[in-house]
Amino acid sequence: MNPLAPVDGRESVGIDPDQWMRDMQAKADDLAAKSAQLREDMACASATVMSDDHAVRVMIAPTGALQDIQLTEHAARLSPDRLRASIMEAVGRGQRAASEKMIEAFAPLGAGTESMDLVMSYLPPAVEEEGEEAQYDRSEEDDRPW
Numbered sequence: 010m011n012p013l014a015p016v017d018g019r020e021s022v023g024i025d026p027d028q029w030m031r032d033m034q035a036k037a038d039d040l041a042a043k044s045a046q047l048r049e050d051m052a053c054a055s056a057t058v059m060s061d062d063h064a065v066r067v068m069i070a071p072t073g074a075l076q077d078i079q080l081t082e083h084a085a086r087l088s089p090d091r092l093r094a095s096i097m098e099a100v101g102r103g104q105r106a107a108s109e110k111m112i113e114a115f116a117p118l119g120a121g122t123e124s125m126d127l128v129m130s131y132l133p134p135a136v137e138e139e140g141e142e143a144q145y146d147r148s149e150e151d152d153r154p155w
């Protein structure tokens, strides 16, 4: 008998009320433990990532918000367009990583539910890795005096 199902008097005939109560308590304890674990995992779901060119490091909160951005010395040698691209790459990757951690944290409670489907629908797209053809020519920018 499912202790969370609607009560049907015909099904309760022959049911041990003490056993039913123990089953309900076990389910409540399990749910409380999973909820506590979810809170802890969600609090730790931030992500810190670095751009491919090692110019930018970002920390992204579990909500996807930018918490910190650090520019390395290499960033000073990049053109404004290339630096913008590095920042956007790092932020996109960090948001994806934080979202994946949130989904992993929610999975024990939400697997197979509409709530999980909703959470999955907000997963940011993966940031594509730069292939050799797509990489920029660093030699030109690395020789700049600034």
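If you're matching positions, the sequence shown starts at 10 in the working numbering and goes up one per residue. For glycine and all other residues, C-beta sits at the position ideal for the given N, C-alpha and C.
By the 10 Å Cβ neighbour count, where 16 or more other Cβ atoms means buried, how is G23 classified, buried or exposed? Taking the sequence shown and counting its residues from 1, the one referred to as residue 23 is at position 14. By the 16-neighbour rule on beta-carbons within 10 angstroms, G23 is exposed.
For the segment 89-97 against the segment 29-48, do three or more pairs of beta-carbon atoms, one drawn from each stretch, fall closer than 8 Å, so that the two count as touching? Taking 8 Å as the limit for Cβ pairs, the verdict is that the segment 29-48 does not touch the segment 89-97.
Next on the checklist: Taking only three categories from DSSP, how would you classify L47?
Outcome noted: Translated into positions along the sequence shown, residue 47 becomes position 38. DSSP places L47 in helix when its eight states are reduced to three.
Next item on the list: Pull up the DSSP beta-bridge partners for Q79, would you.
Entry: Here residue 79 refers to the residue found at position 70 when the sequence shown is read from its first residue. BP columns for Q79 point to R66.
Based on DSSP bridge pairs, tell me the residues matched to A56.
Within the sequence shown, the letter at position 47 stands for residue 56. Under DSSP, A56 takes part in a beta bridge, and its partners are I69.
Discussion item. Rounded to the nearest angstrom, what separates T122 and L132 at their Cα positions?
Written reply: Position 113 of the sequence shown, counted from the start, is the residue given in the question as residue 122. Position 123 of the sequence shown, counted from the start, is the residue given in the question as residue 132. Straight-line measurement puts the Cα of L132 at about 16 Å from the Cα of T122.
Query - Per-residue burial, R102 [other beta carbons within 10 Å of its own, 16 or more giving buried] - result: Your numbering for residue 102 matches position 93 in the sequence shown. That one is buried.
Touching by the beta-carbon criterion (3+ pairs, under 8 Å), the segment 70-79 and the segment 31-45:
With a cut-off of 8 Å on Cβ pairs, the segment 70-79 is not in contact with the segment 31-45, counting fewer than three such pairs.
If I measure Cβ to Cβ from V136 and keep anything under 8 Å in the same chain, skipping five residues before and after, which residues do I get? Walking along the sequence shown from the start, residue 136 turns up at place 127. Answer for V136: E98, G101, R102 and R105, listed in chain order.
Exercise. Is the Cβ-Cβ distance between L80 and A54 less than 8 Å?
Worked result: Taking the first residue of the sequence shown as position 1, residue 80 is located at position 71. Taking the first residue of the sequence shown as position 1, residue 54 is located at position 45. Not a contact, by the Cβ cut-off of 8 Å.
Taking DSSP as the reference, what is the three-state secondary structure of D38?
-> The residue labelled residue 38 in the question sits at position 29 within the sequence shown. Residue state, collapsed to three classes: helix.
Can you name, in chain order, every residue of its own chain whose Cβ lies under 6 Å from the Cβ of M125, other than the five neighbours on each side? On the sequence shown, position 116 is the one that residue 125 refers to. Correct list, in chain order: G119.
Going along the chain, which residues of its own chain have a beta-carbon closer than 8 Å to the beta-carbon of V58, five neighbours each way excluded? Your numbering for residue 58 matches position 49 in the sequence shown. Closer than 8 Å at the Cβ level, and outside the excluded window around V58, lie R66, V67, I69, A99, R102, G103 and A106.
>> Please return the same chain residues whose Cβ sits closer than 8 Å to the Cβ of S157, not counting the five positions on each side in sequence.
In response: Shown here, the chain extends from 10 to 155; a query on residue 157 therefore has no answer.
Secondary structure of L92, DSSP reduced to three states: Stepping through the sequence shown from its first residue, residue 92 is reached at position 83. Correct three-state label for L92: helix.
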